[in-house]
Amino acid sequence: MTHTPANLFATYTGHIAAALDRLEAAGSLPGGLNRANITCEPPRDPAHGDLSTNAAMVLAKPAGTNPRALAEMLAVELRAAPGVEAAEVAGPGFINLRLVDAAWRDELRAIAEAGDAYGRSDMGAGTTVNVEYVSTNPTGPIHMGHCRGAVVGDALASLLEAAGHTVIREYYVNDAGGQVDVLARSVHLRYREALGEDVGEVPEGLYPGDYLVPVGQALAQLYGDRFVSLPEAEWLGDFRKASVAAMMKIIRHDLSLLGIKHDVFASEAELQAAGKPDAAEAWLRAHDLVYDGVLEAPKGKTPDEDWEPVILPLFRSTKFGDDQDRPIRKSDGSWTYFGADLAYHFQKAQSADALVDIWGADHAGTVKRIRAAVAALTGADGHTAKPFEIKIVQMVQLMRNGEPVKMSKRSGNFVTLADVVEEVGKNVVRFTMLTRKPEAQMDFDFAKVVEASKDNPVFYVQYCHARVRSTLRKGAVEGIMPDVSAIDRLETDELALVKLAAQFPRVVESAAAAREPHRVAFFLYDLAAGFHAHWNVGNDSPGKRFIVTQDRQLTAARLFLVSQIGQVIRNGLAILGVEAAEEL
RNA sequence: GCGCCCGUAGCUCAGCAGGAUAGAGCAUCAGAUUCCUAAUCUGGGGGCCAUGGGUUCGAAUCCCGUCGGGCGCACCA
């Protein structure tokens, strides 16, 4: 296991706990109080100090005292904690701590010692999390509607790794359903076309996309004309397999453009061939969680006229909070999507300590049933159910000239991920998707994004890193290298940058716990802003520039600071999967 | 009709598991480059945090209602 550096905020949370222990031992505070809501955070206004705790306000009521009085007692204890220069009670009962400069110099050293590992945490304790994301149907290239889930899932996976989890990145390939028949027929058409037949317009109901042309050509090369006039049953199976393989190749390529690589591609067809859904059904029937029953009529606004009650095997998802029980097989005996999906999630649950699924909002309606299934399958017989979270990523509304674009693979009308990445680059796409919380809808106007890509905040952060590198290059030209032994020369305004950077480990932990990678992106933006601001101080005051050739020792100290700011930017960008630029 | 998500500056969005005077970018106005990259910085204007109640020391944040927007409500995937 890699060495995880100490986290300053965790350290002081510990000091606060110790101070409370001493108050308890002295009889000034009742024992057994719930400390779960105590925080140790930087105050919003830096003038208030370096760290702030709400401990007195949280504990005052259960302790039967008032917040200010408790805060005063606690402040006395905290003044004795290492590195604390001042502890003041403020407002309704906050305790603001100011640390000695030496504490921040220590943190600066800690960044350098940890290097690429700075910000990593052992919070996850090595537990395995399976993150399933993308999982688009293998019927064509990835389009922009799927891009957001792909980026968010990938960044979340990296974030969880940084927070000390072992992560499995998984893609569920829906290669068993009826849409693959449609795909295979569409490819068969292209196959006949490749053999010289004039197929005319692609008929309604088949995929019209050009990306199927080469697939048909390849099959023509492989098979010659032997499947041209044979009945569908003779070729459908082979064509399904070949088409899915071709589509997955395209999809993997599209994902690679974004730097996304999955560890596991789980095939629905293989899952079914291995009898997993049958086993799940048998087990669920044995536990009276599947029964043969009548499906309720659809509840939509327009009730279907040709609705007929049928008896199907139903999973008792209502026992777990769903609105109605859900069929796991169709009337022809084949598996519903849900029937196979439940077996898939059960299988996946064996591979990890916790599961996270990233889904598009269009599938939000099925969250309850699959949650119910995982709870049923993993939580029975006295086991506690496997932790399972579904993160819903809201739709990206594609716009063109201010008009919404209706996208579908059937119509062939869609903006592909590859087009966008080619136009604005992987870094812009990724950062754009990561600078908003995933559960809010967003519009994505292709033209606007291309036009505004120069204003993208990703460049602001990358420029910060580029400035760091150019400063170090310039220093090297002057023959001055970063030197840790000189950092006593750093002054308060320079240590302020360390204070900013020192929040990174805390940001990683809280972002991982909340499964919100976008917090890392916003932190990097703030850190870059601090750096840019300090840089410009040097415009008015040449003595504040990082490189002051008359004072080589001071310059060495400042270059050390600069290089560590670059380190933190780099570590953060690595989590987001965005490249740190050497120059812009 | 039901379920889930969202509503914060003119626009795009943050707001760190309830904290102190609600913040950025874009746009707008006024400034800063003989200087390590101005793809930057400094300052101004701009807010009933959709709305009405509730919970408590304290609410943009939690609960309930209303309004507005999105997604879904199949034996599809």
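Sequential numbering from 17 applies to the first sequence in the numbering used here.
Note that CB positions come from ideal geometry on N, CA and C, so glycine has one too.
#1: Measure how close the beta-carbons of Val480 and Ile344 come, nearest whole angstrom, since I'm counting them as under 8 Å.
#2: For Thr400, which residues from the same chain have a beta carbon less than 8 Å from its beta carbon, with the 5 sequence-adjacent residues on both sides left out?
#3: Specify the secondary structure class of Asp279 as computed by DSSP and reduced to three states.
#4: For the 8 Å Cβ check, are there 3 or more pairs between the region 429-444 and the region 172-181?
#5: Here's a check: name, in chain order, each residue in its chain whose Cβ is nearer than 6 Å to the Cβ of Lys317, leaving out the five neighbours to either side.
#6: Helix, strand or coil for Ile563, going by three-state DSSP, please let me know.
#7: On the criterion of 16 or more Cβ atoms from any shown chain inside 10 Å, does Pro319 qualify as buried, or is it exposed?
#8: Identify whether Asn153 lies in helix, strand or coil by the three-state DSSP scheme.
#9: I need the straight-line Cα distance from Arg342 to Ala456, nearest angstrom please.
#10: Could you give the first and the last residue of the continuous alpha helix (DSSP H) run that contains Met264?
#11: How big is the Cα-Cα spacing for Glu532 and Lys453?
#12: Among all the DSSP beta bridges, which residues are the ones paired with Trp375?
#13: For Met160, which three-state DSSP category applies?
#14: Can you confirm whether the region 115-133 touches the region 142-156 when touching is taken to mean that 3 or more C-beta pairs between the two stretches lie within less than 8 Å?
#15: Using only alpha-carbon positions, find the residue among Pro558, Leu414, Val409, Gln580 that is nearest to His534.
#16: Compare the Cα-Cα distances from Gln237 to each of Ala545, Glu220, Ala258 and report the closest residue.
#17: What do you get for Val390, buried or exposed, if any count of 16 or more other CB atoms within 10 angstroms of its CB means buried?
#18: Please name the residue in Asp214, Gly398, Arg60, Leu86 whose C-alpha comes closest to that of Gly43.
#19: If Leu516 sits next to Val477, beta carbons under 8 Å apart, how far is it from one beta carbon to the other, in whole angstroms?
#20: Please give the ranges of any beta strand (DSSP E) in the region 73-147, keeping only runs that are unbroken, at least 3 residues long and fully inside the region.
#21: Who are Cys56's beta bridge partners in DSSP?
#22: Could you check the C-alpha separation between Lys407 and Val183 for me, to the nearest Å?
#23: Quick check on DSSP: helix, strand or coil for Lys317?
#24: Excluding the five sequence neighbours on either side, which residues of its own chain have a C-beta within less than 7 Å of the C-beta of Val564, listed in chain order?
#25: When you compare the region 221-230 with the region 281-296, are there three or more beta-carbon pairs, one atom per stretch, that lie closer than 8 Å?
#26: Three-state secondary structure (DSSP) at Tyr360?
#27: Quick check on DSSP: helix, strand or coil for Leu328?
#28: Please state whether DSSP places Val168 in a helix, a strand or coil.
#29: If you draw a straight line from the alpha carbon of Ala527 to that of Pro59, how long is it in whole angstroms?
Checking against the coordinates, here is how it stands:
#1: One point to set straight first is that residue 480 is Cys, not Val, in the sequence displayed. That belief does not hold up - the Cβ atoms of Cys480 and Ile344 are roughly 53 Å apart, past 8 Å.
#2: none
#3: coil
#4: no
#5: No answer about Lys317 holds up, because its pLDDT of 44 lies below 50 and its placement is not dependable.
#6: coil
#7: A caution first: Pro319 carries a pLDDT of 49, below 50, which makes its placement in the model unreliable, though a value can still be read off. Flag for Pro319 reads exposed.
#8: coil
#9: 29 Å
#10: 248-273
#11: 7 Å
#12: Ile408
#13: helix
#14: no
#15: Val409
#16: Ala258
#17: buried
#18: Leu86
#19: With a Cβ gap of about 13 Å, Leu516 and Val477 do not count as contacting.
#20: 100-106, 110-115
#21: Thr69
#22: 16 Å
#23: Note that Lys317 scores 44 on pLDDT, short of 50, meaning its location in the model is unreliable and no value can be drawn from it.
#24: Leu570, Thr571
#25: no
#26: helix
#27: strand
#28: helix
#29: 18 Å
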